[in-house]
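Residue numbers (full-length UniProt numbering): 1 to 301. Below: the structure, in structure tokens.
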């Protein structure tokens with residue numbers, strides 16, 4: 001997931017694609033290359049022992065140790081976390097470049113050692129760090145490009161396309177897989193169609209725009225990150241919640257009855273629609289991969 005601009009949905013798309021794929025039975029590895037480590041918020045492991053703050057990746061790329069992902073963040077989902085050690089890694093890689101070394105293949109080499117353990121590897125890239133982004137570009141087969149509908153986000157697509165082309169001498173197979181609009185008002189059909197056309201004009205034949213976009217849903221987005229839950233998990237809990245829990249608790253207190261537990265904040269009804277967007281996007285991505293690589297992609301239920 002790559003875009004030079006920040007805040008375009010790279011981490012949200014990485015985590016939710018990973019969750020949908022893992023739930024469908026794919027063995028998934030998600031790699032966080034952003035020193036902010038926001039993948040840990042989306043998947044709920046930031047304040048747990050799973051979070052090594054980027055140490056596993058740092059030592060793998062600098063000391064030659066095997067890359068050791070955190071296992072079992074979800075069933076079928078492992079993660080390489082990021083954090084302050086990722087920032088140190090970026091400085092180290094930049095220093096090696098200044099000494100005329102070429103550390104570009106570090107991540108690719110380490111992933112090659114463990115790739116056969118997974119069906120798919122998703123890499124969440126930072127918005128602006130060239131040394132870290134180069135690691136991803138050399139290691140990856142496909143680039144998925146999340147973009148907001150504003151002109152600033154769209155203008156970055158041309159630069160990214162140039163960077164992908166510039167990386168091809170080191171990684172001849174890398175290509176953009178497609179662009180994803182994130183987030184966009186689901187009711188703004190005319191704007192969505194116009195922005196799709198603008199992206200097509202920018203990208204040309206390099207990559208399509210995926211039909212599925214991720215809707216703007218601030219409440220569900222905040223709930224997901226605050227709870228450390230993916231959209232599909234939030235939607236499941238929304239279906240199971242009692243919509244009258246708070247009213248019942250207040251009525252019980254007024255009557256002098258003991259309320260053992262305060263009801264949790266009600267999950268927004270938009271959670272289900274947001275989850276559907278991610279499921280549909282995952283299916284569309286799998287179809288694109290199958291078409292490009294001529295291999296069965298299966299179905300996402």
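Ideal placement from N, C-alpha and C gives every residue a C-beta, glycine not left out. These numbers come from a predicted model, not from an experiment.
Query                                                                                                               : Result
Identity of the residue in 237, 52, 67 nearest residue 107 by Cα                                                    : 67
Beta carbon of residue 143 nearer than 9 Å to that of residue 172                                                   : no
CB of residue 153 within 9 Å of CB of residue 134, strictly                                                         : no
Which of helix, strand or coil DSSP assigns to residue 116                                                          : helix
Own chain partners of residue 5 with C-beta closer than 8 Å, once the 5 adjacent residues on each side are dropped  : 127, 147, 148, 152, 153, 156
Distance between beta carbons of residue 271 and residue 238, contact taken as under 8 Å                            : 4 Å
Pair within 9 Å by beta-carbon distance, residue 33 and residue 102                                                 : no
Assigned exposure category for residue 48 - 16 Cβ within 10 Å defines buried                                        : exposed
Rounded straight-line distance, which links the Cα of residue 167 to that of residue 97                             : 16 Å
DSSP three-state assignment for residue 30, whether helix, strand or coil                                           : strand
Given residue 53 as reference, the closest of 41, 214, 37, 43 once Cα atoms are compared                            : 37
Sequence-distant residues of the same chain with beta carbon closer than 7 Å to residue 209, five excluded per side : 178, 179, 196, 199, 200
Buried versus exposed call for residue 16 [16 or more other C-beta atoms within 10 Å across all chains shown]       : buried
Neighbour-count burial assignment, residue 242, 16 or more Cβ in a 10 Å radius                                      : With a pLDDT of 49 at residue 242, under the threshold of 50, the modelled position of that residue is not reliable, and the figure given next carries that caveat. By the 10 Å Cβ count, residue 242 comes out exposed.
Element boundaries [beta strand (DSSP E), containing residue 147]                                                   : 142-147
Residue 10, DSSP secondary structure in three states                                                                : helix
Complete beta strand (DSSP E) runs within the segment 43-111 (minimum length 3 residues, chain order)               : 70-74, 77-80
Endpoints, beta strand (DSSP E) assigned at residue 164                                                             : Unbroken run through residue 164 is the alpha helix (DSSP H), 151-167; no beta strand (DSSP E).
Separation of residue 12 from residue 75, as counted between CA atoms                                               : 19 Å
Residues near residue 110 by beta carbon distance below 6 Å, same chain, minus five either side                     : 60, 67
Test item: CB-CB of residue 161 and residue 88 under 9 Å                                                            : no
Nearest-angstrom Cα separation, counted from residue 185 out to residue 191                                         : 9 Å
Check whether residue 78 and residue 28 have beta carbons under 9 Å apart                                           : yes
For residue 277, the residue or residues it bridges with in DSSP                                                    : In the DSSP output, where bridge partners are listed per residue, residue 277 has none listed.
Spatial distance of residue 64 from residue 114 (CA atoms)                                                          : 14 Å
Anticipated Cβ contact below 8 Å, residue 214 with residue 275, distance rounded                                    : Contact flag wrong, Cβ pair sits at about 11 Å.
Sheet register partners of residue 124 (DSSP bridge)                                                                : 32
Residue 218 classed as buried or exposed, judged by whether at least 16 other C-beta atoms fall within 10 angstroms : exposed
Distance, residue 174 Cα to residue 40 Cα                                                                           : 27 Å
Whole-angstrom distance between residue 45 and residue 246, CA atom to CA atom                                      : Below a pLDDT of 50, predicted positions are generally treated as unreliable, and residue 246, at 41, falls in that range; the measurement from the model is reported next regardless. One C-alpha to the other measures close to 29 Å.
Beta-carbon separation (whole angstroms), residue 80 vs residue 145, contact threshold 8 Å                          : 21 Å between Cβ atoms; not a contact.
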